[in-house]
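**Q** Just so you know, the sequences run in chain order A and B. Sequential numbering of the first sequence, starting at 1, is according to the working numbering. Sequential numbering of the second sequence, starting at 1001, is according to the working numbering. Cβ atoms here follow ideal geometry from the backbone N, Cα and C, with glycine treated the same way.
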Amino acid sequence: MTPYGALSRGERALVPWPAMCAVSCLTAVASIACLISTGLMPSSPVGLTGLPVALTAPALGLLLLLVTAGWSVVEAAPRSAVGLSVAGVAWLAAALAAWPLLTAETRALLLASMPLSFLGFALLVAGWRGKTPHWAWLCATGVLSVLAAAAHAFGYDPFLDPGCSRTCESSPAHLVDAVGARAALGISLVLTAAAAVACVTTIVLSRTASPVICLAGLMAATLTLGAAVLPWWRWGDVTAPALADAFESVGIAVITLATLSEALRAQGIRRDLRTLVERVGDRRNGPNRSGSVKAVHFAVPPDGRWVDGDGKRIAGEPANAAFMADDAGPSVRLSLRRWASSEQVVSSITPAGRLVLENARLRAASASLLASVQASQRRIVEATDGERRRIERDLHDGAQQRLVAVGMHLAVATPRSDDSTRQSLEDARIEVRRALAALRELSHDSLNSVLATEGMAAAVEDVVAASHLRVEKHVALSGHPIAAPIESAGLFALGAALDNVARHADTDLARVTVDDIDHTMFLQVADDGLGGAGFGPSLTDVADRVSALGGAFELVSRPGDGTTMTVRIPCAS
Amino acid sequence: MRVVVADDVMIVRAGLVHLLASADVTTVGEASDSAELLRLVALEHPDVAIVDIRMPPTHTDEGLVAARTIRDRYPRTNVLLLSQYLAPRYAARLLADQPGGLGYLLKERVSDPAVLLDALERVVAGGCVVDPTIVARLLDFGHNDSPLAALSPREHQTLGLMAEGQSNAAIAHHLGIGERTVESVCGQLFRKLSLEPDPDVNRRVLAVLALLRAR
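1. Any idea if T1158 (chain B) is buried or exposed, counting beta-carbon neighbours within 10 angstroms, 16 or more meaning buried?
2. Does any CB atom of chain B fall closer than 8 Å to the CB of V556 (chain A)?
3. With the cut-off set at 8 Å, would you say A322 (chain A) and V356 (chain A) are in Cβ contact?
4. Strictly below 9 Å CB to CB, what residues from chain A border K1107 (chain B)?
5. Where L1211 (chain B) and T1060 (chain B) are concerned, what is the direct C-alpha to C-alpha distance, given to the nearest angstrom?
6. Round the Cβ separation of L116 (chain A) and A90 (chain A) to the nearest angstrom and send it over; I've been treating them as touching at under 8 Å.
7. For K294 (chain A), name the three-state secondary structure that DSSP assigns.
8. Looking at the C-beta of T453 (chain A), does it have a partner C-beta in chain B at a distance below 8 Å?
9. By the 10 Å Cβ neighbour count, where 16 or more other Cβ atoms means buried, how is C214 (chain A) classified, buried or exposed?
10. Taking only heavy atoms of the ligand ATP into account, decide whether any of them is closer than 7 Å to the Cβ of C214 (chain A).
11. Measure the Cβ-Cβ separation of A112 (chain A) and A153 (chain A) and say whether it is below 8 Å.
12. For chain B, is any of its Cβ atoms less than 8 Å away from the one on D397 (chain A)?
13. Fully enclosed by the segment 429-497 of chain A, which beta strand (DSSP E) runs are 3 residues long or longer?
14. Given a threshold of 16 other Cβ atoms within 10 Å of its Cβ, counted over all protein chains shown, does W233 (chain A) qualify as buried or as exposed?
15. For A193 (chain A), collect the residues of the same chain with a Cβ closer than 8 Å to its Cβ; drop the 5 residues on either side in sequence, then sort them by chain order.
16. Exposed or buried, what is A221 (chain A) when buried is set at 16 or more other beta-carbons lying within 10 Å of its beta-carbon?
17. So what's M1001 (chain B) in DSSP terms, helix, strand or just coil?
18. Counting only the same chain and skipping the five closest in sequence on each side, list residues whose C-beta sits under 6 Å from that of E387 (chain A).
19. Sort out for me which residues DSSP pairs R511 (chain A) with in a bridge.
20. Does R1191 (chain B) pass the burial test, meaning 16 or more other C-beta atoms within 10 Å, or should it be called exposed?
21. State the Cα-Cα distance for the pair D418 (chain A) and H1156 (chain B), rounded to the nearest angstrom.
22. On the CB-based measure, 16 or more other CB atoms within 10 Å of its CB, does K1107 (chain B) come out buried or exposed?
23. Interface residues of chain A around I1011 (chain B) at Cβ under 8 Å?
24. Apart from the five residues just before and just after H297 (chain A), which ones in its own chain have a Cβ nearer than 7 Å to its Cβ?
25. Check whether the Cβ atoms of T1027 (chain B) and L1037 (chain B) sit closer than 8 Å, and answer yes or no.
26. Can you tell which of A:D385, A:V293, A:E343 and A:V280 has the C-alpha that lies nearest to the C-alpha of L362 (chain A)?
27. Please check the pair H1173 (chain B) and H409 (chain A), which I expect to be a contact at CB under 8 Å, by giving their CB distance rounded to whole angstroms.
28. For D499 (chain A), collect the residues of the same chain with a Cβ closer than 8 Å to its Cβ; drop the 5 residues on either side in sequence, then sort them by chain order.
29. Distance check for G1101 (chain B) and A1125 (chain B), CA to CA, integer angstroms please.
30. How long is the line joining the alpha carbons of R558 (chain A) and T507 (chain A), rounded to whole angstroms?
31. Does the Cβ of V1004 (chain B) have 16 or more other Cβ atoms within 10 Å, making it buried, or fewer, making it exposed?
32. Counting contacts by CB-CB distance shorter than 8 Å, is A411 (chain A) in contact with chain B?
33. Please name the residue in A:R389, A:V179 and A:D544 whose C-alpha comes closest to that of V373 (chain A).
34. With a cut-off of 8 Å, does the C-beta of D1112 (chain B) fall near any C-beta of chain A?
35. Starting from the Cα of Y1085 (chain B), find the closest Cα among A:R440, A:F535 and A:T520 and give me that residue.
36. What does the alpha-carbon distance come out to for the pair G550 (chain A) and L469 (chain A)?
This is the structure in structure tokens:
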């Protein structure tokens, strides 16, 4: 386990599952208690002896759900939590108003708190996930809500409302004395409607990242407005307040459930990111099969192209992606599933996770740079080889053939010449043969054809045979095909090493080991000669070729203790 | 003796023809690739085809393939392969299939008319000829576990000369010993290589094959 994993594990879970369980249990118990003690249907008037509406089973459940939702968003979106609390308190206060222990004034105030819900909804939606709310409209919503609540508090006398069944004592209704009951309610209603409009405008203008929350806010505002309009519209209907209560409760339930579902989704994304950070920290760079993040890509210099954790280039653009950026532009790209919100993903990355991703980016960048350097090195080696093969071919088809022809003409001329020139012609023939032998030594072209037709083991034998050394060979090749550049590099290294032994080691015995165990071409040339060998041009060339193929070159040579050259090249599987 | 010459380089072909002419060998055709060579052989039925191993289009072992075809289809035509390289493997591959009537010389060797004529004659006689440079290399680097390791230096020398296509008399002359001695050395050699007397096989060719296979 990486320390990063431990760090990210220390975060508090967004949704408190024990609290959720407690909520469910309490709701069940409360429901049973209510049904036994009152025998009344939910949200019907309870009178003096029963429980207040706020304490009926569904209301209690909703209340606990509200607390859970508020708790689950309080860290990620504190403004939304405040908004939810305001809406919840407004709803709860209205529901508590039927409690007989309260004074008439308190009850009126409680009943009047309903328009404050709009302020709550607006604050909840506008404050969702770090978006800057549209402050002007939010303030307007707040002012209008408070005004509507005040108008309601001073303008509504339940005794004068023929449809009201919730209160039994008079409450101060100064506005009613002035304009009459229905008109007072109308004034309150106009103000409430204005608050609702302001609330909707705030929601729309704030362009919240979550469409679910946005939609739930609009629905809740509409339902609550409906709850306010009903008693005025159905003046005198005894079912209206109960229906209004139901509207209000559904509204609050909708927004609570939406908040909770979004919190759960956020928690899911956090969990996905935690898993991702652990995977990246453990250098498991494969694509993610499940979760919101499919894969993570890194931008690497010099051109900011996208690579995966191993430095391999990623072609194409993901349909949905979240980005982390630094001064130079986007640095990390998270390829997301279609449903995941990039904003939510970005805001869920913890500082520790950011550090892990940044580290992984540096790793990917160095891997990618190394790969491109090796590729260019390989291209250089290939170009050099190609050029040498061309020169060898030219030598073979040009100079060597001409020398052969010269030798033949000399051979024809020699017997016909007189004694004085015969010796010179003989000498010329000998020189021609020496030149041909020298050219043959230079040319490795035959080795390539042996490699192509007979394979690596045969080519090793030819190189060993050409060295004029006594060689103890140990060749164990599995017969799996090895890429041609790797074989060539191996033979090149073998030739150079044997050449070094013959020239500098002062011994005529060398030990050669060649195998391809574990998909790695292993080649070792050892002697018991003088030792103290350094990197001459030929061995430097060998080391360059080997490293161009991602292999390792090692030369151990202590004076008086022989020389051992070891080459390991991974064979791409 | 009638020969066909196949080499993709014109000046070498011309030099070779010139050399053969000076040694009273008739060149009945010249080819620059293996297709042309096979056409000529089918038409002329020469005694020997002198073939460069490297020919178009790939310049690897076209000559070798052509030599095999010739030996399969036209047993009367013998083949002398010429190569720029020391490639004992090629020789071994071919001689393993076609032990008789075949030679393998380094190109530079043919600038000695005597060697060329000698090789041609031996090949026509159904023998096999391997270039001394290649033989020397084969003898130098035999495996320790091969039957060749059991041979004495004298037997090594004899086997080498045998591979070059020399007769017992020539070997005796070369080593400065009596022909009877050479015969007894040969007997020893055949025994060590487990070659029992058999009227159907040429033990000299088998011994040379053993030498080639030891690589």
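**A** Looking at the atomic coordinates:
1. When all chains shown are included, T1158 (chain B) counts as buried.
2. No, V556 (chain A) does not count as interfacial toward chain B.
3. When the beta-carbon positions are compared, A322 (chain A) and V356 (chain A) stay at least 8 Å from each other.
4. Within 9 Å Cβ-Cβ: Q400, Q401, V404, G407 and L436.
5. Answer to the nearest angstrom: the Cα atoms are 24 Å apart.
6. So it is a contact: roughly 4 Å between Cβ atoms.
7. Secondary structure of K294 (chain A) (DSSP, three-state): strand.
8. Judged by the 8 Å Cβ criterion, T453 (chain A) is in contact with chain B.
9. Buried is the call here.
10. No copy of the ligand ATP occurs in the structure displayed, which carries no ligand at all.
11. Yes.
12. For D397 (chain A), the answer is yes, since a Cβ of chain B falls inside 8 Å of its Cβ.
13. As far as the segment 429-497 of chain A is concerned, its whole beta strand (DSSP E) runs of at least 3 residues are 470-476.
14. Residue burial annotation: W233 (chain A) is exposed, with fewer than 16 other C-beta atoms found within 10 angstroms of its C-beta.
15. Closer than 8 Å at Cβ, skipping near neighbours: L225, A228 and V229.
16. That one is buried.
17. DSSP places M1001 (chain B) outside both helix and strand once states are collapsed to three, so it counts as coil.
18. Excluding positions up to five away in sequence, the list is empty.
19. Looking at the DSSP assignment, R511 (chain A) forms a beta bridge with A:E472 and A:A526.
20. Exposed, by the Cβ-count rule.
21. So the alpha carbons of these two residues sit roughly 40 Å apart.
22. Buried, because 16 or more other Cβ atoms sit within 10 Å of the Cβ of K1107 (chain B).
23. Near I1011 (chain B) (Cβ distances below 8 Å), the residues of chain A are Q401, R402 and A405.
24. The beta carbon of H297 (chain A) sits closer than 7 Å to those of W306, V307, D308, I314, R333 and S335, all from its chain and outside the five residues before and after it, given in chain order.
25. No, they are not a contact pair.
26. That would be A:V280, whose Cα lies nearest to the Cα of L362 (chain A).
27. Incorrect: roughly 30 Å between the Cβ atoms, too far for contact.
28. Cβ-Cβ distances below 8 Å link D499 (chain A) to S467 and S538 in the same chain, with the five nearest sequence neighbours on each side left out; the list follows chain order.
29. Approximately 7 Å, taken between the alpha carbons.
30. Spanning the two alpha carbons is a distance of roughly 15 Å.
31. Under this definition V1004 (chain B) is a buried residue.
32. Any Cβ of chain B closer than 8 Å to the Cβ of A411 (chain A) would place that residue at the interface, and such an atom is present.
33. Just measuring C-alpha positions, the residue of A:R389, A:V179 and A:D544 sitting nearest V373 (chain A) is A:D544.
34. For D1112 (chain B), at least one C-beta of chain A is nearer than 8 Å to its own C-beta.
35. The shortest C-alpha separation from Y1085 (chain B) is found at A:R440.
36. Distance between the alpha carbons of G550 (chain A) and L469 (chain A) is about 30 Å.
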